[in-house]
Amino acid sequence: MKIAGNRRALGYGGWVLALGVVLLAGCKRDAEAPADAPAQDPTAALPENVDAPAAPEAPVELRDVIENSPKAVIGISYPQDVSQYPGLAKALSDYATAARGELQQAVDGLGNDTPTMPYELSLSFEKLLETRQLVVISADGSRYTGGAHGEPLVARFVWLPEQQKLLTAETLIPDTKGWAAVSDYVADQLRERVATRLSAEDMEPGQLQESLRSASRMIADGTGASADNFSQFQPVTDPQGQITALRFVFPPYQVGPYSDGTQTVDVPASLLAPHVAPAYAGLFAKG
């Protein structure tokens with residue numbers, strides 16, 4: 001509005017009146033403008049015992065690897081469609097990268113030498129379970145850098161799609177009391193298994209007792225009441241997708257000699273239920 005240019009034409013009183021109209025209109029617009037709404041907390045509506053979903057990860061492309069050289073052989077394979085879970089794909093990629101990095105460190109240590117047998121990394125990821133609530137991936141393989149045999153590579157990844165994060169042993173069962181119950185059950189199962197196997201062998205009584213004592217020591221060391229000893233596990237589910245047991249996985253050397261291979265023990269949901277964190281109780285079958 002050309003108020004200044006028309007001041008003389010309007011006269012002093014008219015100019016003041018026009019200016020008042022402009023100011024009044026401006027005040028009215030300010031009064032009508034809504035105040036900024038308070039910021040909303042995206043987790044405010046979540047129950048107290050449910051963790052907020054993690055921030056989405058950037059997409060990760062997983063590609064199988066096959067490489068051969070005089071010094072090293074590398075083979076890594078991934079299941080299809082895992083990239084739809086970016087956080088899970090990143091966890092698999094990170095595990096494979098770490099395993100490959102340790103192999104490369106050993107290869108670099110050779111300098112200009114070439115090993116009699118090429119060093120080797122063999123690693124296979126497989127999808128064991130996929131439901132609305134759970135995606136479970138196994139990683140099995142070995143890394144050979146000399147010696148009589150390779151180093152076992154054993155890992156399990158339990159992904160929660162709704163929360164976009166991995167389910168770990170320490171978050172699933174958060175207290176020592178719970179792990180003590182798991183430890184007692186698993187140790188008893190392993191000791192019974194060893195006793196049955198050794199009793200079937202043709203051994204002198206003294207040799208049998210010594211073998212049982214040695215096996216019991218390894219089992220006790222590998223099944224202490226700590227989440228670290230039970231970090232590798234995979235859910236066993238019913239047709240409705242509810243967890244009926246957890247299969248704890250123990251790589252060679254943890255609870256037995258290399259010759260015993262990877263061992264597993266299924267712990268029923270009925271034993272686990274009293275100790276599972278409330279946020280994950282809904283994953284388990286009732287009764």
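Counting in UniProt numbering, the sequence shown runs from 1 upward without gaps. Note that CB positions come from ideal geometry on N, CA and C, so glycine has one too. What you are looking at is a predicted structure, and each value in this text was computed from that prediction instead of being measured.
Per DSSP, reduced to three states, the secondary structure at P235 is strand. Residue pairing from DSSP places Q263 in a beta bridge opposite F250. When the five nearest sequence neighbours on each side are left out, the beta carbons in the same chain lying within less than 7 Å of the beta carbon of Y78 are those of L62, D64, L92 and F125, in order along the chain. Bounds of the alpha helix (DSSP H) holding D184 are T176 to S199. At a Cβ-Cβ threshold of 8 Å, E120 and Y85 do not count as neighbours.
Here L153 carries a strand assignment [DSSP, helix/strand/coil].
One thing to note: R156 has its Cβ within 8 Å of the Cβ of V249. Only buried fits T223, as 16 or more other CB atoms lie within 10 angstroms of its CB. For N229, the secondary structure class from DSSP, reduced to helix, strand or coil, is helix. Here DSSP, grouped into helix, strand and coil, assigns Y258 to helix.
DSSP places E130 inside the beta strand (DSSP E), whose first and last residues are Y119 to E130. Taking 8 Å as the upper bound for CB-CB distance, A220 and A187 are in contact here, some 7 Å apart.
If you check the CB distance, Q189 and V135 do not come in under 8 Å. For the options G147, P152 and E130, the alpha carbon positioned closest to that of V236 is the one of E130. Proximity to G87 across W159, Y185 and A106 peaks at W159, based on C-alpha coordinates.
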